Each structure stands twice: as structure tokens, then as C-alpha cells.
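Colleague: Before we start, here is the structure in question, set down as C-alpha cells.
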DNA sequence: GCAAAATGGTAACTACGGTTAACATATTCG
DNA sequence: CGAATATGTTAACCGTAGTTACCATTTTGC
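Chains as they are written, first to last, in our numbering: chain D, 88 to 291; chain G, 88 to 291.
Pasting the structure below:
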């Protein structure tokens, strides 16, 4: 479910157990992306949820914990989506790669805040968490790289890594630029250009 | 001149007028990219220059001013490079576009800190400066968009904007990932994939 | 060579914001 | 119902880091 639909649905559910926590998370994502992690106060987050101030501490042990939970949520969604896109592709790397692009171009456009927070605010985390998460992100992209090399064995390892990194970067830069609110058009164009990168002629 | 070569050359020049200031700027860029603007203290910047603490205030009125000067320097270089790449192309948009990609793929790889700071830490600036700089960045990318539409009139405005934004995003994401220290290889691959994006088949 | 400007060091100030304390209300469930 | 738990509120705390004050030294230009 896209992040804004989820947020709306959660708010309508009143104050059930654990719901507040999820609302805080999604609103914090919005704020972090809009104003940056450093310039977003705990008070701001509370206000966005309709709960001024330190009430947030009832749900999270601190500001950093919110950011950490957010990025972990983001990673989790990415992992789920990647796996889901890979099943039922009859182990054909060509089909699998296209399925991945299909899914990711849609996911990133429909979940801009989650996607952007992960790559923009990793530095806000303490060394240790940052390392751990970076490793996990790398593992995720390695799946893409492996698939790409299967499809195009002529690519060097570096070339494949650059292509995959570029594909991720295209999504975040386009989202950050807020070029259009037409999510359908955005994801369609993104998809086309991601495929172009993955199929770009190799350089000697 | 690439940023690290410039830094080295400056340091060897001792303490001439205005030199210190430039050194502070470039070291600050390194730190901002490495640890983030928020987590880089004035003391850190001073230490990196061999001048502990508030001595930095002899050259800049404050921390934000350093960031501002950095992003403005970055923009200036981008403008210069864009212009330089466009002259002597006989007003052929096809050639001009390729010249732009040639130049930008090299520039971004040779000046990673300048390139990354501009897009990563814009949020650290006060509203007003941020707006102004964003506008200037947009103007810069509009030059690319105009050129691209000239070459490929079948592209919608949105499609062209997405392509150009993607090209910029590819550079920053690849630089941030630090995939290789072989700048030559990086820029060559980047170039190829940027061209692929700009020539990607349009979507209906 | 000397006055003036430039540059630097150390110590102290201060504001901001994350966090905690202390106290209140509402919800849940036996 | 009533105890326990969850959730909120306001006021106060306090560490950090950007900034300023003040004094020392070096560099520059007449």
C-alpha cells in the first residue's frame, strides 16, 4: 500500500494499539524529507501527529530511534518487494530483471518519503547502525547486480554496479525534484529510463 | 582543476592572502560529505585546516556561510563548465548535448565533494537561500532540457525533465556509493549510461 | 621599523532542542 | 468497580556546539 493511502487509513482508525506508532513513523518521514532530519524537532513530529511534544517518547525512545525504525521499515519493504518480484519468473533472469524494474519504478513513486529518507538521512545515524544498514542496502543491490550480469555476461563487475546504483539514484533524484504529481506518468517514464540504463551498451 | 589537486596545490602555497579561505572551503566540503553538515562542527573544520576552533570566523561569518559559499562555488563551476561545453558546437544541439555529457561525467567524478554537497545539504540552508539556489539549479537543468527537446522533439516536457534529472541523479548516486577509485573508469561508464538515458525510447 | 591590519589561541557565553520528571487522564480487563 | 497500563501534558533540565570576547602574534605597507 502506498504511504499516503496507508497514513489516511491509519488516521481513520482512531487510537487503536500500535496505530499511533505507525502514524508517527509516516509523519516523521514526511517531515524528514521536507525539512531534513536535523531541522525537524521532536515537537514538530508531535505536532504533525496532533500530540504536542514529549508524548512521542511513549512510542519511541528518541529521535534517532524514529529515523532508525524508518530506514529499517524502508529496507524491509524493499526486501519484500524484491522477493515478490522475483518469484514466478521461472528463473529466467531476463524476465526477473524486468519484473524488478516494473516493481521498483512503481514502489519508489508511490512511497517517495520512505525511498528518500533512506538515502538522504543515513548520516543521521550512529556509526554502527549506519554500517549495518549500508551493508544491507549493498546486499539488496547485489541481487540486482547478479541478475544483471546473468543477463549481460559481457558487463564488468564495476559496470554492472554502476548501472544498478544509477537506477536507484534516478528514482531518488526524480522524486526529490517533485517534477509532477502524476504518479502514473512518473513511474512509466522512470521505468523506461531504468531499462535503458540496464541495457546501455558496455564501454571497453 | 579537480578538487583534490587544487587542495594540494593550495596547501603548498603557504598562507597567502585568500588561500586559507579556499582551503577551509574545500576541507569543509570533504567533511560535510563524509559526516554530514549537521554532524560537522566548526572545530572539526578548523582542525582539518590545522587551525583549531574559532579561527575559522576570521574567514567566514559562520557555519552556514561556509555551506552557502560551497554550494555557490559548486553552482559557479557547473555554470562555467556548461557554457564552455556549449561553445564551438556550431549550434548543433546533437553535438552540444554530447559535449555536455562528456564534460559533466568528467567533472562530477573529478569533483565529487562539490557535486555531492550541493544536492545533499541544500536543506541546511535557510529558506530564502535555498529557494534562490534551487531556482538557479533549475535554470541550469533547463538548458539541458531545452537542448534535449531540440534533439528529440517527440519527447514531452515531462519526459525530458525526468531524463535530465535522472542524469544528474546518476552522477550523485554513483559518487556517493564510492564504487571505485578509478576515476577514469567511473566517468567513462557514467558517460555511456547518461547517453543511454537521454536516448531512451519515449513512452506514450 | 612601526603602525595597522590580519590572523590565531583560549576561555566564556548562550540558545536551542533532545530528554527527563512529575503529575493527570483515559482505557483495559479481571 | 478498580487496579494496572497506556498515553498525554507542562515544566524543568542539561549537554552540545555555534558564537563572542579578549588578548597575543604575525604580516603588510608606508
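We put the CB at the ideal spot given by N, CA and C, even for glycine. Fair warning: this is a prediction, and the values are worked out from it, not measured in the lab.
Measure how close the beta-carbons of residue 205 (chain D) and residue 274 (chain D) come, nearest whole angstrom, since I'm counting them as under 8 Å.
Modeller: As a working note, residue 205 (chain D) is residue 118 in the first chain. As a working note, residue 274 (chain D) is residue 187 in the first chain. With 8 Å as the limit, residue 205 (chain D) and residue 274 (chain D) do not qualify as a contact, their Cβ atoms being about 18 Å apart.
Colleague: Using 8 Å as the threshold, is the segment 219-236 of chain D in touch with the segment 221-240 of chain G, meaning 3 or more CB pairs across them?
Modeller: Counting Cβ pairs under 8 Å, fewer than three are found: no touch.
Colleague: Check whether chain G comes within 8 Å of residue 123 (chain D), counting only Cβ atoms and requiring the distance to be less than that.
Modeller: One-based indexing of the first chain puts residue 123 (chain D) at position 36. It does; some Cβ of chain G falls within 8 Å.
Colleague: Does any C-beta atom of chain G lie closer than 8 Å to the C-beta of residue 267 (chain D)?
Modeller: Walking along the first chain from the start, residue 267 (chain D) turns up at place 180. Yes, because at least one Cβ of chain G sits closer than 8 Å to the Cβ of residue 267 (chain D).
Colleague: Cutting at 7 Å between CB atoms, please list the residues of its own chain near residue 263 (chain G), excluding the five before and the five after it.
Modeller: The residue given as residue 263 (chain G) occupies position 176 in the second chain. Result list for residue 263 (chain G): 203, in chain order.
Colleague: In chain G, which residues lie less than 8 Å from residue 259 (chain D) when you measure between Cβ atoms?
Modeller: Within the first chain, the letter at position 172 stands for residue 259 (chain D). Ordered by position in chain G, the residues that pass the 8 Å Cβ test against residue 259 (chain D) are 256 and 260.
Colleague: Which chain G residues are close to residue 252 (chain D), counting only those with a beta carbon under 7 Å from its beta carbon?
Modeller: On the first chain, residue 252 (chain D) is found 165 positions in, with the first residue counted as 1. Under the 7 Å cutoff, chain G gives 260, 261, 264 and 266.
Colleague: Less than 8 Å between the C-beta atoms of residue 133 (chain D) and residue 120 (chain D), yes or no?
Modeller: Locating residue 133 (chain D) in the first chain gives position 46, counting from the first residue. Locating residue 120 (chain D) in the first chain gives position 33, counting from the first residue. No, they are not a contact pair.
Colleague: What does the Cβ neighbour count give for residue 174 (chain D), buried or exposed, with the cut at 16 atoms within 10 Å?
Modeller: Numbered from its first residue, the first chain carries residue 174 (chain D) at position 87. Per the 10 Å Cβ criterion, exposed.
Colleague: Go ahead and label residue 253 (chain D) buried or exposed: buried means 16 or more other beta carbons lie within 10 angstroms of its beta carbon, across all protein chains shown.
Modeller: Taking the first chain and counting its residues from 1, one reaches residue 253 (chain D) at position 166. Result: buried.
Colleague: Strictly under 8 Å for the Cβ-Cβ distance: is residue 106 (chain G) near chain D by that measure?
Modeller: The count along the second chain starts at 1 and reaches residue 106 (chain G) at position 19. No, its Cβ sits nowhere closer than 8 Å to a Cβ of chain D.
Colleague: Which runs of the alpha helix (DSSP H) spanning at least 4 residues fall entirely within the segment 201-265 of chain D, listed in chain order?
Modeller: The qualifying runs are 214-238 and 244-264.
Colleague: List, in chain order, every chain G residue whose beta-carbon is nearer than 7 Å to that of residue 248 (chain D).
Modeller: Residue numbering aside, residue 248 (chain D) sits at position 161 when the first chain is read from its first letter. Within 7 Å Cβ-Cβ: 266.
Colleague: Compare the C-beta of residue 34 (chain G) against all C-beta atoms of chain D and say whether one is closer than 8 Å.
Modeller: This structure cannot speak to residue 34 (chain G), because chain G is shown only from 88 to 291.
Colleague: Please tell me whether residue 146 (chain D) has its Cβ less than 8 Å away from any Cβ of chain G.
Modeller: For this step, residue 146 (chain D) is matched to residue 59 along the first chain. It does not: the Cβ of residue 146 (chain D) has no partner Cβ on chain G nearer than 8 Å.
Colleague: Hey, is the segment 240-247 of chain D in contact with the segment 147-161 of chain G, meaning 3+ C-beta pairs nearer than 8 Å?
Modeller: Result no; under three Cβ-Cβ pairs closer than 8 Å.
Colleague: From residue 248 (chain G) to residue 127 (chain D), what distance separates their C-alpha atoms?
Modeller: Looking up residue 248 (chain G) in the second chain gives position 161. Looking up residue 127 (chain D) in the first chain gives position 40. Going from the Cα of residue 248 (chain G) to the Cα of residue 127 (chain D) covers about 30 Å.
Colleague: CB residue 93 (chain G) to CB residue 113 (chain G), shorter than 8 Å?
Modeller: Here residue 93 (chain G) corresponds to residue number 6 of the second chain, with the count starting at 1. Here residue 113 (chain G) corresponds to residue number 26 of the second chain, with the count starting at 1. Contact flag set, yes.
Colleague: Tell me whether residue 289 (chain D) is buried or exposed, calling it buried when 16 or more other Cβ atoms sit within 10 Å of its Cβ.
Modeller: For this step, residue 289 (chain D) is matched to residue 202 along the first chain. Residue 289 (chain D) should be labelled exposed.
Colleague: CA-CA distance, residue 166 (chain G) and residue 147 (chain D)?
Modeller: In the second chain, residue 166 (chain G) corresponds to position 79, counting from 1. In the first chain, residue 147 (chain D) corresponds to position 60, counting from 1. If I take the Cα positions, the gap works out to 45 Å.
Colleague: Would you mind stating whether residue 283 (chain G) and residue 250 (chain G) have Cβ atoms separated by less than 8 Å?
Modeller: One-based indexing of the second chain puts residue 283 (chain G) at position 196. One-based indexing of the second chain puts residue 250 (chain G) at position 163. No, the pair does not count as a contact, with Cβ atoms beyond the cut-off.
Colleague: Which residue spans inside the segment 164-199 of chain G form an unbroken alpha helix (DSSP H) run of at least 4?
Modeller: Those alpha helix (DSSP H) runs which fall completely within the segment 164-199 of chain G and span 4+ residues are 180-197.
Colleague: Would you call the CB atoms of residue 201 (chain D) and residue 258 (chain D) closer than 8 Å?
Modeller: Residue numbering aside, residue 201 (chain D) sits at position 114 when the first chain is read from its first letter. Residue numbering aside, residue 258 (chain D) sits at position 171 when the first chain is read from its first letter. No, they are not a contact pair.
Colleague: CB residue 90 (chain G) to CB residue 198 (chain G), shorter than 8 Å?
Modeller: Position 3 of the second chain, counted from the start, is the residue given in the question as residue 90 (chain G). Position 111 of the second chain, counted from the start, is the residue given in the question as residue 198 (chain G). In contact: residue 90 (chain G) and residue 198 (chain G) (Cβ atoms closer than 8 Å).
Colleague: Could you check which residue in D:109, D:269 and D:277 has the C-alpha nearest to that of residue 261 (chain D)?
Modeller: Walking along the first chain from the start, residue 261 (chain D) turns up at place 174. Residue D:277 is the option with its Cα nearest to residue 261 (chain D).
Colleague: Could you tell me the boundaries of the alpha helix (DSSP H) in which residue 138 (chain G) lies?
Modeller: What you label residue 138 (chain G) is simply residue 51 of the second chain in a count that begins at 1. Looking at the DSSP string, residue 138 (chain G) is not in any alpha helix (DSSP H), and its letter there is neither H nor E.
Colleague: Please report how far the alpha carbon of residue 181 (chain D) lies from the alpha carbon of residue 269 (chain D), in whole angstroms.
Modeller: As a working mapping, residue 181 (chain D) is identified with position 94 in the first chain. As a working mapping, residue 269 (chain D) is identified with position 182 in the first chain. Near 29 Å, if we compare the C-alpha coordinates of residue 269 (chain D) and residue 181 (chain D).
Colleague: Closest by CA to residue 255 (chain D), which one among D:212, D:189, D:266 and D:177?
Modeller: Looking up residue 255 (chain D) in the first chain gives position 168. Measuring from the Cα of residue 255 (chain D), the nearest candidate turns out to be D:189.
Colleague: What do you get for residue 170 (chain D), buried or exposed, if any count of 16 or more other CB atoms within 10 angstroms of its CB means buried?
Modeller: Indexing the first chain from 1 puts residue 170 (chain D) at position 83. Residue 170 (chain D) comes out exposed.
Colleague: What are the residues of the segment 161-195 of chain D that lie near chain G, defined by any Cβ-Cβ distance shorter than 9 Å?
Modeller: Taking 9 Å as the Cβ-Cβ cut-off against chain G, none of the residues of the segment 161-195 of chain D qualify.
Colleague: Do the CB positions of residue 122 (chain G) and residue 210 (chain D) come within less than 8 Å of each other?
Modeller: Numbered from its first residue, the second chain carries residue 122 (chain G) at position 35. Numbered from its first residue, the first chain carries residue 210 (chain D) at position 123. Contact flag set, yes.
Colleague: Using CA coordinates, which residue listed in D:145, D:135 and D:141 is at the minimum distance from residue 105 (chain D)?
Modeller: In the first chain, residue 105 (chain D) corresponds to position 18, counting from 1. It is D:145 whose Cα lies nearest to the Cα of residue 105 (chain D).
Colleague: Do residue 207 (chain G) and residue 186 (chain G) have their beta-carbon atoms positioned less than 8 Å apart in this structure?
Modeller: As a first step, residue 186 (chain G) is located in the second chain; it is residue number 99 there, counting from the start. As a first step, residue 207 (chain G) is located in the second chain; it is residue number 120 there, counting from the start. For residue 186 (chain G) and residue 207 (chain G), no; Cβs fall outside 8 Å.
Colleague: Give a yes or no on whether the minimum CB-CB distance between residue 130 (chain D) and chain G is below 8 Å.
Modeller: Residue mapping note: residue 130 (chain D) aligns to position 43 of the first chain, counting from 1. It does not; no Cβ of chain G falls within 8 Å.
Colleague: Under a CB-based cut-off of 8 Å, is residue 126 (chain G) close to chain D?
Modeller: Here residue 126 (chain G) is taken as the residue at index 39 of the second chain, counted from 1. True, the Cβ-Cβ gap to chain D drops below 8 Å.
Colleague: Does residue 220 (chain G) come within less than 8 Å of chain D when only Cβ atoms are used?
Modeller: If you number the second chain from 1, residue 220 (chain G) lands on position 133. No, because no Cβ of chain D sits closer than 8 Å to the Cβ of residue 220 (chain G).
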